[in-house]
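Asks:
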Ligand SMILES: C=C(O[C@@H]1C=C(C(=O)O)C=C[C@H]1O)C(=O)O
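Right, here's the structure in full:
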């Protein structure tokens with residue numbers, strides 16, 4: 236090996252030794268903080284601040300995204316020294332829900348795959364898991380109704396959001412698209428790939444599966460069957476990545492919520508999720524939103540769902556910018572509470588995008 240490479244490698248060795256020492260010092264401090272805590276170990280607001288600060292400090296050549304990924308892992312390992320966390324998600328292994336759970340909690344958190352969104356809520360409510368990760372909306376397909384319905388009933392709080400760019404992959408162990416007789420996938424993924432399927436696999440039978448990972452499992456045992464799922468699911472079930480990025484919109488993103496016993500503290504860039512309903516009269520909704528508008532509090536989302544208490548009655552899911560403990564937001568919420576026939580504050584949490 237040439238002299239300059241050896242020289243650079245020995246400098247890397249020295250830096251690694253230094254990094255290792257620093258990482259263990261960080262872990263030691265986290266452990267001490269853990270001993271001083273009386274309450275939840277996981278502090279989403281603090282983690283969001285740590286990551287935001289590091290991305291601002293970053294001078295490259297590592298990208299902000301890479302810096303985030305590395306530090307999520309470092310934080311995950313430090314947190315696990317305080318207390319190992321269990322995170323429930325919509326399984327099986329290989330789903331986008333699992334990917335988003337890892338994106339937020341890192342790989343040192345224990346993962347608990349659940350067969351349905353209901354089971355994720357139940358696992359956290361019964362304290363079999365500390366936190367849960369559930370999909371709430373997709374940029375192409377809109378709301379995940381079951382999650383919204385369960386949020387209305389649960390005593391749990393929303394303590395985080397995760398944005399995941401969702402790339403759909405055609406997984407297939409054959410040699411050409413003409414051999415695909417059947418495609419398995421989750422209905423959401425079929426919907427996200429409609430145009431691609433219409434132009435490339437018009438004649439294949441479409442069979443819905445309860446999850447993308449389950450679709451991959453089914454396809455792996457059946458000649459002539461393909462699955463639309465994630466790359467992860469492909470490697471988990473030994474399926475070949477046949478065509479990548481087949482989603483109709485390349486910006487296709489799914490938003491997940493983290494649910495837990497408490498919401499998050501103020502991080503400085505937060506959102507609050509609410510459910511509310513108004514009596515059925517003209518202008519009722521406008522009146523409910525007026526306290527936010529008057530204070531220039533941004534509405535980032537407004538979604539209606541049947542209330543299930545009466546025909547053609549609705550509840551509204553609203554996300555606003557700001558934390559429920561910030562004075563402006565708190566007074567607006569108090570005003571809304573006086574006018575609304577129902578107001579449930581689902582929780583405040585750091586914005587996933589700064
Ligand atoms: C160390 C702490 O505990 C956890 C770990 C963190 C970290 O490693 O930076 C940050 C927040 C907590 O989720 C802390 O609360 O500061």
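In the numbering used here, the protein residues as written are 236 to 589.
Beta carbons: idealized from backbone N, C-alpha and C, even for Gly.
1) Counting only the same chain and skipping the five closest in sequence on each side, list residues whose C-beta sits under 8 Å from that of residue 315.
2) Within 10 angstroms of the Cβ of residue 554, are there 16 or more other Cβ atoms? Answer buried if so, exposed if not.
3) Relative to the C-alpha of residue 310, which candidate in 260, 542 and 350 has its C-alpha closest?
4) Would a C-beta distance cut-off of 8 Å place residue 493 and residue 395 closer than the cut-off?
5) According to DSSP, residue 367 sits in a beta bridge with which residue or residues?
6) May I ask you to check if the CB of residue 310 is nearer than 7 Å to at least one heavy atom of ligand 1?
7) Taking only heavy atoms of ligand 1 into account, decide whether any of them is closer than 7 Å to the Cβ of residue 265.
8) Could you check if residue 276 belongs to the surroundings of ligand 1, using beta carbon to heavy atom distance under 7 Å?
9) On a Cα-Cα basis, can you pick out the residue from 581, 381, 328 and 339 that is closest to residue 352?
10) Could you please give me the residues that DSSP links to residue 506 through a beta bridge?
11) Within 10 angstroms of its Cβ, does residue 263 collect 16 or more other Cβ (buried), or is it exposed?
12) At a threshold of 7 Å, does residue 268 count as lining ligand 1 (C-beta to nearest heavy atom)?
13) Note down, in chain order, each residue of its chain lying with its Cβ closer than 7 Å to the Cβ of residue 429, except the 5 sequence neighbours on either side.
14) Say yes only if the C-beta of residue 285 is nearer than 7 Å to one or more non-hydrogen atoms of ligand 1, and no if none qualify.
15) Is any heavy atom of ligand 1 found at a distance shorter than 7 Å from the C-beta of residue 417?
16) In whole angstroms, what separates the C-alpha of residue 581 from that of residue 508?
Replies: Short version:
1) 343 and 344
2) buried
3) 260
4) The answer is yes: Cβ separation under 8 Å.
5) Paired residue(s): 323 and 494.
6) yes
7) yes
8) yes
9) 381
10) 556 and 584
11) exposed
12) With a cutoff of 7 Å, residue 268 counts as near ligand 1, since its C-beta is closer than that to a heavy atom of the ligand.
13) 483
14) yes
15) no
16) 5 Å
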